[in-house]
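Numbering (UniProt numbering), first residue to last: 1 to 380. Ideal Cβ placement from N, Cα and C applies to all residues, glycine included.
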């Protein structure tokens, strides 16, 4: 049984939630409360990011389930008091080996010194605070790890600032171990691995060299080609944000996943390099047509009468061409009518096109009158 449910409740999941459940919940809430969104809430964004950070890490989650939030922030439960055991030989009267003075400086924050075997207590504190930068960093890492997909709505999120290009990154530092209240100031022990030298904090997550942006295009535009103008925000070497409009010439027949690269049009990075911007094409859903390779498909729904007695209809293709469909005989549901070379053009050879495929659907009546039944029974 878990000690508390606060973090699970923030994400709206059960205490038994799987990794996939946690990712799904965070993905939904992070996009909703991201500060750049109209529904954004910085404080809410911070708390759900911290909740995900703890619960998605098996070790942190175990600590949280057993001891609670403060323990998870510390990385473990508060250490117990140690009873005196006589101290080191000679009672540590004047100093630690290596010239570290005893009572009064490095271990003053431990409470009590250790002048020959008294109580040796570590002041626990509540761990480093969880900042907005920490939240943005988690959001960035989640995106870089494939946590989002093509169906997610990033509209309103200021491109390079929210997805890592704007240098939000960087987990909260360890403050040089020179200002932590319970350590009394260890003065910067520079050079310990993974601790940023214990003097400058952990390094920020590396910014990606390529920034990807979705490029939604309708099937109709993909059939004939079009020009798209996309406004991006980017951060210069001086830290100032500017806007630029990039023009993409979409060729007929391009497919979802096609990439268009603009070299050095993204954010300036700390190392002096500049990100590339890559637009990734996605096909907008169409209310009438679907794409299958280079074929364009649609359903044509007929009334029961039309299916039995015949019909005549004018149909419009994906590129606006009108064709007449006529049938004077009964037709079955599922019947396929195929028009060669009226589908999507091949991107490498636009003069060649796929097929236009129509599948017949029949709308059967939900009920029949007595006379209708009689007519059917009499004639069929």
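| query | result |
| --- | --- |
| So, helix, strand or coil for residue 381, using DSSP? | No information on residue 381 is available, as it lies outside the stretch 1 to 380 that the chain covers here. |
| Would you call the stretch 335 to 351 and the stretch 289 to 300 touching, i.e. three or more CB-CB distances under 8 Å? | yes |
| In or out: residue 320 buried (at least 16 other Cβ within 10 Å) or exposed? | exposed |
| With DSSP as the reference, label residue 45 as helix, strand or coil. | helix |
| Is DSSP giving residue 230 helix, strand or coil here? | strand |
| Can you confirm whether the stretch 228 to 242 touches the stretch 310 to 330 when touching is taken to mean that 3 or more C-beta pairs between the two stretches lie within less than 8 Å? | no |
| For residue 4, which three-state DSSP category applies? | coil |
| How far does the alpha helix (DSSP H) with residue 304 in it extend, from its first residue to its last? | 304 to 309 |
| Pick from 4, 278 and 67: whose alpha carbon is nearest that of residue 230? | 278 |
| Does the stretch 266 to 276 touch the stretch 365 to 378, meaning 3 or more C-beta pairs lie closer than 8 Å? | no |
| Quickly, what does DSSP pair residue 213 with across the bridge? List them, please. | 279 |
| Taking the alpha carbon of residue 3 as the reference point, which residue from 282, 72, 267 and 379 has its own alpha carbon closest? | 72 |
| As a quick exercise: from 339, 334, 305 and 350, pick the residue whose alpha carbon is nearest that of residue 328. | 305 |
| For residue 362, I'd like the list of residues in its chain whose CB is within less than 7 Å of its CB, leaving aside the five on either flank, ordered along the chain. | 302, 304, 307 and 333 |
| If we call anything under 8 Å between Cβ atoms a contact, is residue 219 one with residue 254? | no |
| Terminal residues of the continuous beta strand (DSSP E) containing residue 342? | Premise fails: residue 342 is in no beta strand (DSSP E) and is neither H nor E. |
| Quick check: residue 248 and residue 300, are their CB atoms within less than 8 Å of each other? | no |
| Measure the C-alpha to C-alpha separation of residue 28 and residue 8 and round it to an integer number of angstroms. | 14 Å |
| Would you say residue 48 and residue 10 are within 8 Å of each other, going by their C-beta atoms? | yes |
| Using the three-state DSSP reduction, which class does residue 271 fall into: helix, strand or coil? | coil |
| Can you name, in chain order, every residue of its own chain whose Cβ lies under 6 Å from the Cβ of residue 64, other than the five neighbours on each side? | 54 and 72 |
| If I measure Cβ to Cβ from residue 225 and keep anything under 7 Å in the same chain, skipping five residues before and after, which residues do I get? | 250, 251 and 252 |
| When DSSP labels each residue in this structure, what does residue 332 get in the three-state scheme? | coil |
| Report buried or exposed for residue 135, applying the criterion of at least 16 other Cβ atoms within 10 angstroms of its Cβ. | buried |
| Contact check, residue 283 vs residue 234 under 8 Å by CB: the rounded distance? | That belief does not hold up - the Cβ atoms of residue 283 and residue 234 are roughly 27 Å apart, past 8 Å. |
| Give the DSSP-derived three-state secondary structure of residue 134 in the structure shown. | helix |
| Excluding the 5 residues flanking residue 60 on each side, which residues of the same chain have their C-beta closer than 7 Å to its C-beta? | 54 and 72 |
| For residue 317 versus residue 323, is the C-beta spacing smaller than 8 Å? | yes |
| What did DSSP end up calling residue 318 once you bin it into helix, strand or coil? | coil |
| From residue 379 to residue 360, what does the alpha carbon distance come to, in whole angstroms? | 24 Å |
| Is it buried or exposed for residue 232, if we count other Cβ within 10 angstroms and need 16 for buried? | buried |
| With 16 as the cutoff for other CB atoms within 10 Å, does residue 137 come out buried or exposed? | buried |
| Alpha carbon to alpha carbon, how far is residue 352 from residue 339? | 14 Å |
| Between the beta-carbon of residue 12 and the beta-carbon of residue 30, is there less than 8 Å? | no |
| Excluding sequence positions up to five away, which residues of its chain have a Cβ less than 6 Å from the Cβ of residue 337? | 358 |
| Does the beta-carbon of residue 354 have 16 or more other beta-carbons within 10 angstroms, so that it is buried, or is it exposed? | buried |
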